[in-house]
Amino acid sequence: MKNKINGWLIINKPYNMGSTNVVSKLKWLLKPEKIGHAGTLDPLATGVLPIALGHATKTIQFVMDGKKTYQFDVVWGAETTTDDKEGEIVFQSEKRPSQQEIEAVLSQFHGTILQTPPIYSALKINGKRAYDLARNGEAIEMKPRTIQIDSLKILTHTPEKTSFEVVCGKGTYIRSIGHDLGRILGCYGHISFLHRTKCGPFDIKYSILLENLEKDVYNTLNSNLISTLTVLDDILVLAVSETEMKELMFGKAIRVPQGTEAVFKDVSRQSDTDLIIGLKYQNQLVALAKYEKGFFKPFRVFAEK
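Letter by letter, the sequence shown follows residues 113 to 417 in our numbering.
Given below as structure tokens:
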């Protein structure tokens, strides 16, 4: 029997455990009808791993598209095959950068920039994961991608290691930031510590440890389950009638509220993307819909027939 659990559970992912391993563990513990995660973390990384349960799996993309905050350490003087401490050293240098030298180049890591992902990543090349190809010794050419970095600042600095905090958009590889900093500073570098403190609307302070969930599944789940609506904080949510709710359940479009057609038309015209609206009935999310010519057309339905 599967359990009907709907909402988000924020796990503080432990070191040396992959994101899919966390999902497998929770699948065994909770036995949910549906489960997924938003924002993969490498085994090396710790911190915020949002877990979607039940209907929340339909809103994963909203978390994936959100900003993320990481704290990480770069060890200077060595570059590795994996750009972290797990790889083999390929280049070394006696040079160690000063804090002033590092701060002088941080502006190159701000705004919309191009970044080349590490070869040891989950990106697919001709249908195969890049890290699988790399482990097999195949030559890989990773193409630069456009990413967004809102801020990158130094937290602490020593001659051997510098701690940073970065706020960035989706698709950003922190290991590549460490690699690129080392190359620009002429001293080489690799990541030795990586911790995610925020992912979309979810903060580390709302996270729980896997071991705590294992000790007391029922009480820990009930006291830490977060509403699916949480990820829609930036989206307009409107109430619908019972009749409209039933129409939406079957994927049918409903008319926008009388007298508001001009408002939605104007907002939609000014937006570069589709205008998305959350529709709820008695405080329960029924559907996510797009505005089209006076109608709300559902593309994600949460209510059960």
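Just so it is clear, CB atoms sit at the ideal spot from N, CA and C, and this is done for glycine as well.
Ordered along the chain, which non-local residues of its own chain (more than five positions away) have a Cβ less than 7 Å from that of residue i?
i	result
residue 282	176, 177
residue 367	406, 407
residue 411	400, 401, 402
residue 221	261, 264, 289
Can you tell me whether residue i is buried or exposed? The criterion is at least 16 other CB atoms within 10 Å of its CB, across all chains shown.
i	result
residue 372	exposed
residue 301	buried
residue 171	buried
residue 294	buried
residue 149	buried
residue 268	exposed
residue 381	exposed
residue 308	buried
Got a sec, what are the start and stop residues for the beta strand (DSSP E) residue i sits in?
i	result
residue 266	257–269
residue 174	First-last for residue 174: 172–176, but that is the alpha helix (DSSP H), not the beta strand (DSSP E).
residue 307	301–311
residue 133	Run containing residue 133: none in the beta strand (DSSP E); it sits in the alpha helix (DSSP H), 131–142.
residue 449	Nothing about residue 449 can be reported from this structure: the residues present for the chain run from 113 to 417 only.
residue 413	407–413
residue 163	158–165
Would you kindly work out how many angstroms separate the C-alpha atoms of residue i and residue j, rounded to a whole number?
i	j	result
residue 124	residue 154	13 Å
residue 211	residue 266	8 Å
residue 393	residue 126	38 Å
residue 275	residue 256	25 Å
residue 147	residue 228	31 Å
residue 359	residue 365	7 Å
residue 291	residue 396	46 Å
residue 168	residue 318	17 Å
residue 286	residue 329	33 Å
residue 232	residue 260	21 Å
residue 277	residue 161	18 Å
residue 350	residue 182	34 Å
residue 119	residue 414	12 Å
residue 224	residue 332	40 Å
residue 284	residue 122	21 Å
Measuring alpha carbon to alpha carbon, tell me which of the options ends up nearest residue i.
i	options	result
residue 158	413, 316, 330	316
residue 335	352, 324, 194	324
residue 326	140, 120, 314	140
residue 344	132, 226, 173	173
residue 67	164, 188, 219	With the chain covering only 113 through 417, there is no way to say anything about residue 67.
Between residue i and the rest of its own chain, which residues show a CB-CB distance below 6 Å, the 5 nearest in sequence each way excluded?
i	result
residue 296	217
residue 114	143, 145
Ends of the alpha helix (DSSP H) at residue i?
i	result
residue 330	329–336
residue 288	286–297
residue 216	211–217
Once you ignore the five residues that flank residue i on each side, which residues in its own chain have a CB closer than 8 Å to its CB?
i	result
residue 134	123, 125, 149, 161, 163, 322
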